[in-house]
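Okay, structure first, notes after.
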Amino acid sequence: MRSEPPKVTLTKWFSSPMDNAVATARTCYSSRVVTDVDVKANPALRDRIARSTFKAGHHTTLQHAHFQFTMEHVSRQALWSFFHAHPFYNSEQVSQRYVEVKAGRVLKPDLSPWGPALNARWDAVVERQMRVYHELIELLSPTVERLYFATFPARYRDRAKGEGDVDKRWQGSMQKRAQEVARYVLPIATHAHLYHTISALTLLRYHRMASTHDCPSEQRLVVEQMVQAVLALDPDVALVLEPPLEEGATPDARALAAVGRRGVDVAMTRALIQEFDAALEHRTSKLVSMTEQPERVLARAVREALGVPRSRLSDEAAVRLLLDPADNGALGNSLDLLTLGKASRALELVQLTFQRKISHAADSQAQRHRMTPGARPILWTQVVPGEADFVLPVILEEPDAERARHVYENEMRDIALDVAHFHDAGVAPEAWQYLLPNAVPVRYTETGSLLDQHHKWTTRLCFNAQEEIWRATRDEVEQVAQRAPALMEHVLPPCGQRCRGRVTPYCPEGDRFCGQAVWQQARSAYLRVL
10 MRSEPPKVTL TKWFSSPMDN AVATARTCYS SRVVTDVDVK ANPALRDRIA RSTFKAGHHT
70 TLQHAHFQFT MEHVSRQALW SFFHAHPFYN SEQVSQRYVE VKAGRVLKPD LSPWGPALNA
130 RWDAVVERQM RVYHELIELL SPTVERLYFA TFPARYRDRA KGEGDVDKRW QGSMQKRAQE
190 VARYVLPIAT HAHLYHTISA LTLLRYHRMA STHDCPSEQR LVVEQMVQAV LALDPDVALV
250 LEPPLEEGAT PDARALAAVG RRGVDVAMTR ALIQEFDAAL EHRTSKLVSM TEQPERVLAR
310 AVREALGVPR SRLSDEAAVR LLLDPADNGA LGNSLDLLTL GKASRALELV QLTFQRKISH
370 AADSQAQRHR MTPGARPILW TQVVPGEADF VLPVILEEPD AERARHVYEN EMRDIALDVA
430 HFHDAGVAPE AWQYLLPNAV PVRYTETGSL LDQHHKWTTR LCFNAQEEIW RATRDEVEQV
490 AQRAPALMEH VLPPCGQRCR GRVTPYCPEG DRFCGQAVWQ QARSAYLRVL
């Protein structure tokens, strides 16, 4: 790696994680609570219990201790592929939508083993991507301004009066919307910084699996720093620290070998893409499976939870009791209380599965809905070097964005040719994948219960949600509504939920209000470009 290496800092921690793990294990078989102090009194017993419970698979004891890290100079690809690809973490990460990306903040692999000129070619490509990013921000500004003031006409009138401070705030808002689109040309090698909190158990899993696809070299650099920081805090963690799997021994590496995929296979990739895209039928997200008779399943579970027969609570009334904000006040509460209600947990019994095709940029945000997991791909297996495959942001279809669209599409073609150049030079997919743009499509299947899909839908139907995710969410809601209309009648963005539940103000976003009284609109009338 020629760029600044990842930097990991342990910022908050449990002071004695292994003592605590053993204390929790012993408490299960004790007439009183066993403390860390009790455990420290007998180190030999502690070590024996730590090893035996770990070997037996009793790992919940290792979920009490948590560690908070800051990460810097970590690629967006490594975060998407590994650190955010499972449910057991929490992160707060810098947003490319709201923070302008600065030049040089990108991972640079060392390509000299494949040729003396490749590093210079790589740097030139990344510099061009950054120039195009800034060019697109500039080119999109007039279109964004037109659409913005069409949404907020009163702000345009105030702007004409020369109210400089207010206008400056609006300029910042419009700048962010231009950045949201321009970032699609940035490479997934672009650095991010973030807070990342995990349990001791997740850290052990990271250590074991750090060499898995897609970014084993970078992942190992990050995980090793995390592990060493925790070992410096408590060396006894080494009692349960298993050795890392070799690259060829990870489950995904074995699966690739089993299906004969040891590198790029153009014919196989093209066949997969054609098959997947045909199944989507021009949608962003396609419903492929759902629980049969979901209204009946849901209603029966509600009656069981409340202890009433069908004669007292019909299917229709049971569904309304859960999903109509006028009857269920929890739906208008931003704290998301449904998982703690006995009746509302009936929503867990209805399962929905979708095929999705969204950009890497959008999926990096969508995957944060950890309770609607997806079987995301080894990214390079869905890429044909030399063939431009990308998502087009909808604003680029506006007539006055024609020049920006031309620049955008040309850059996508250039990036595809650059990737082909490195591939043809023998560069490993692990390295050339970093050049792929944020616009590269991610094709995968996602599933989740109605409870968790409902949370995702209501938050992502907000007009402030990332436009591409909003579009995928609308696709999903429309399709489920066709098959189970009673379930979806009141699936609305937060403002619609709050209006129905008579919670004021209807929009909870404050000065981030999207500019439209969406709570007054039918879902079929929803329309947005910005």
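Under the numbering used here, the first residue of the sequence shown is numbered 10, with each subsequent residue one higher. Using N, Cα and C, we set each Cβ at its ideal position, and we do this for glycine too.
In the structure shown, what three-state DSSP assignment does residue i receive?
{"i": "F92", "result": "helix"}
{"i": "P402", "result": "coil"}
{"i": "V175", "result": "Any reading at V175 needs caution, since the residue's pLDDT is 47, under 50, leaving its predicted position unreliable; the model's value is listed next. Residue state, collapsed to three classes: helix."}
{"i": "Y453", "result": "strand"}
{"i": "V436", "result": "coil"}
{"i": "H67", "result": "coil"}
{"i": "H291", "result": "coil"}
{"i": "S368", "result": "strand"}
{"i": "G383", "result": "strand"}
{"i": "M299", "result": "strand"}
{"i": "K117", "result": "coil"}
So, at 6 Å on beta carbons, what are the nonlocal neighbours of residue i in its own chain, with the 5 sequence-adjacent residues on each side left out?
{"i": "R229", "result": "A219"}
{"i": "A397", "result": "M421, R422 and A425"}
{"i": "V153", "result": "M183, R186 and A187"}
{"i": "H82", "result": "E13, P15, K16 and H200"}
{"i": "K21", "result": "Q77"}
{"i": "R114", "result": "H200"}
Taking residue i as the reference, which of the options has the closest Cα?
{"i": "S533", "options": "A287, V236, E498 and V416", "result": "E498"}
{"i": "E357", "options": "L332, G272, E396 and N473", "result": "L332"}
{"i": "R60", "options": "L248, L296 and L281", "result": "L248"}
{"i": "T18", "options": "E189, T206, Q376 and L315", "result": "T206"}
{"i": "I282", "options": "K117, R140, V449 and D427", "result": "V449"}
{"i": "F76", "options": "A371, W131, V239 and S90", "result": "V239"}
{"i": "E485", "options": "M299, L426 and R312", "result": "M299"}
{"i": "V359", "options": "L444, L460 and H95", "result": "L460"}
{"i": "Q529", "options": "Y515, L539 and M380", "result": "Y515"}
{"i": "T348", "options": "Y142, D409, A413 and Q462", "result": "Q462"}
{"i": "W123", "options": "G435, S320 and L195", "result": "G435"}
{"i": "V31", "options": "T70, A50 and S90", "result": "T70"}
Given this structure, state the Cα-to-Cα distance separating residue i from residue j, to the nearest angstrom.
{"i": "E109", "j": "P125", "result": "33 Å"}
{"i": "A34", "j": "V236", "result": "23 Å"}
{"i": "H222", "j": "T62", "result": "30 Å"}
{"i": "S294", "j": "W479", "result": "11 Å"}
{"i": "L496", "j": "I367", "result": "26 Å"}
{"i": "R155", "j": "F472", "result": "17 Å"}
{"i": "A310", "j": "G383", "result": "26 Å"}
{"i": "W389", "j": "L120", "result": "18 Å"}
{"i": "L203", "j": "R85", "result": "11 Å"}
{"i": "L195", "j": "D345", "result": "34 Å"}
{"i": "L539", "j": "P253", "result": "45 Å"}
{"i": "R270", "j": "Q374", "result": "29 Å"}
{"i": "S343", "j": "Q475", "result": "19 Å"}
{"i": "G510", "j": "Q491", "result": "24 Å"}
{"i": "V232", "j": "L212", "result": "8 Å"}
{"i": "R507", "j": "V500", "result": "11 Å"}
{"i": "T3", "j": "P96", "result": "Since the first residue of the chain shown is 10 and the last is 539, residue 3 is not available in this structure."}
For residue i, which beta-bridge partners are listed by DSSP?
{"i": "A201", "result": "V83"}
{"i": "S100", "result": "H205"}
In chain order, what residues of the same chain have a beta carbon less than 7 Å from the beta carbon of residue i, not counting five sequence neighbours either side?
{"i": "A6", "result": "Look at the range of the chain in this structure, 10 to 539, and you will see that residue 6 is not part of it."}
{"i": "P26", "result": "A74, A209, D243 and V246"}
{"i": "H432", "result": "V273, P394 and W441"}
{"i": "Y453", "result": "R365, G383, A384, R385 and P386"}
{"i": "A481", "result": "T293, S294, R365 and I367"}
{"i": "P318", "result": "R312"}
Spatial neighbours of residue i within its chain, please: CB distance less than 8 Å, with the 5 preceding and 5 following residues excluded, ordered by chain position.
{"i": "K185", "result": "R106 and Y107"}
{"i": "A493", "result": "M299, P303 and E304"}
{"i": "A410", "result": "L148, L149, T152 and I404"}
{"i": "M10", "result": "L116, K117, P118, D119, S226, E227 and L230"}
Step through the CB atoms of chain C and report whether any lies within less than 8 Å of the CB of residue i.
{"i": "M218", "result": "Absent here is chain C; the protein component of the structure consists of one chain."}
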